[in-house]
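Those letters in the sequence shown? Residues 3 to 250, by this note's numbering.
What follows is a short report on a single structure.
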Amino acid sequence: DPRGSYTTWEGNQYLTDIFTPEFIPWPAAKPNSPIVIVCPGGGYRFLSEKFEGKVIAQKLNQMGCAAVVLHYRVPRRDNDKPWIQPLLDARRTLEIVRARAAEWNGNPKNVGILGFSAGGNLAARVAYAPADPEPPRPDFAVMVYSAYLFDEAKKPDQVLLTGPDGVVPAPKPKVPVPAFFAHSNDDKLPAEASAAMASKLKSMGGSSEVHIWADGGHGWAGTDRCDAAREWMGILEVWMKNRGILPR
């Protein structure tokens with residue numbers, strides 16, 4: 003195995019040196035279930051495999067979803083545009099998951115993408131970033147403490163990154179897919195970015211829900227260390243039921 007891995011605080015496992023993308027399926031218990039592609043974070047340098055991969059897949063199974071944990075290529079090949087190869091990996095994974103959904107008791111017409119930090123940026127790109135020709139899109143998107151949504155060149159102004167390298171959809175008749183955002187207000191990556199992205203999607207006719215906790219910092223998904231970590235997946239489950247993604 004050419005990949006390296008190491009364990010750090012709270013027992014999390016990190017993966018790096020992924021030269022060939024792969025995914026790990028977690029089949030649902032019942033046929034025709036929603037299926038969620040999970041994109042761990044790690045700054046496009048490594049993957050937070052345990053708490054933003056395996057643990058999340060297990061919880062999605064408990065909710066009644068199939069899950070596919072994506073190991074996209076890291077570390078970053080391009081510091082200016084680190085998402086290029088991961089985006090190719092994620093789009094191809096979406097195509098494969100739709101084609102093979104029945105193998106994992108998934109519904110090919112109910113496929114979402116869920117990402118954390120850099121993985122949240124990747125999820126936003128898969129769901130919304132402008133592209134020509136139009137690529138495959140998921141049926142819903144979940145972004146948790148997403149990174150790199152604001153245009154770094156325009157600091158201190160907080161402006162969403164637009165254009166061909168941005169995450170904001172191109173103005174088209176097609177309505178953006180439903181979105182769910184979770185963030186902490188004291189995160190080093192500004193929660194305002196999630197709120198701004200949700201507002202932009204709403205302005206384009208999309209449906210979005212945003213939850214921002216007062217504290218919790220960054221990287222809490224899959225742990226039990228703060229209210230956000232303990233509560234967000236229960237809130238996500240309610241959102242999925244309200245949207246008809248999961249049965250009530």
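For every residue, glycine included, the Cβ atom is placed at its ideal position computed from N, Cα and C.
Reference residue i; option with closest CA among the options
i: M199; options: F152, L96, K156, R227; result: F152
i: A181; options: G108, P27, G207, Y150; result: G207
i: Q160; options: P166, Y150, W28; result: Y150
i: L89; options: I237, E233, R250, N123; result: N123
i: F53; options: R78, T10, K204, I237; result: T10
i: V70; options: V179, D217, L96; result: L96
i: D189; options: H220, D167, G168; result: H220
i: I26; options: P42, S35, A129; result: P42
i: E51; options: L248, I237, W241, T225; result: T225
i: S35; options: F118, T164, R102, S148; result: R102
i: A216; options: L238, A184, Q64, Q15; result: A184
i: F48; options: Q60, Q64, P84, L62; result: P84
i: P173; options: A120, G55, S205, K111; result: S205
i: W241; options: S201, G218, N81, F142; result: F142
i: K61; options: Q15, I237, I214; result: I237
i: L248; options: M65, V40, I86, V99; result: M65
i: R79; options: L72, Q87, A68; result: Q87
i: Y74; options: W106, G55, E24; result: E24
i: Q15; options: P33, K56, K32; result: K56
i: M235; options: F118, D134, V177, E136; result: F118
i: R245; options: V179, G218, C228, I214; result: V179
i: N63; options: L163, D91, P33; result: P33
i: K176; options: E136, L162, S148, K157; result: E136
i: N148; options: L191, G165, D82; result: First, the residue type needs correcting, since residue 148 is Ser and not Asn in the sequence shown. It is L191 whose Cα lies nearest to the Cα of S148.
i: I115; options: A133, K157, R100; result: R100
Beta-carbon proximity check, residue i vs residue j, cutoff 8 angstroms
i: A223; j: V144; result: no
i: N109; j: I20; result: no
i: P140; j: V170; result: no
i: T1; j: P77; result: This structure leaves residue 1 out entirely; the chain is present only between 3 and 250.
i: S186; j: A125; result: no
i: K243; j: R250; result: yes
i: L203; j: S196; result: no
i: P138; j: R93; result: yes
i: A193; j: G168; result: no
i: Y46; j: A120; result: yes
i: A59; j: V40; result: yes
Span of the beta strand (DSSP E) around residue i
i: S210; result: 210-215
i: M145; result: 142-146
Unbroken alpha helix (DSSP H) run spanning residue i, endpoints
i: S186; result: No alpha helix (DSSP H) holds S186; the beta strand (DSSP E) holding it covers 181-186.
i: L238; result: 229-244
Bridge partners - residue i, DSSP secondary structure assignment
i: L191; result: In DSSP, L191 forms no bridge with anything.
i: L162; result: F152
Entirely enclosed beta strand (DSSP E) segments - the region 4-72, minimum 3 residues
6-9, 15-18, 24-28, 35-41
Taking the runs of the alpha helix (DSSP H) that are 4 residues or longer, which of them lie wholly in the region 75-123?
86-102
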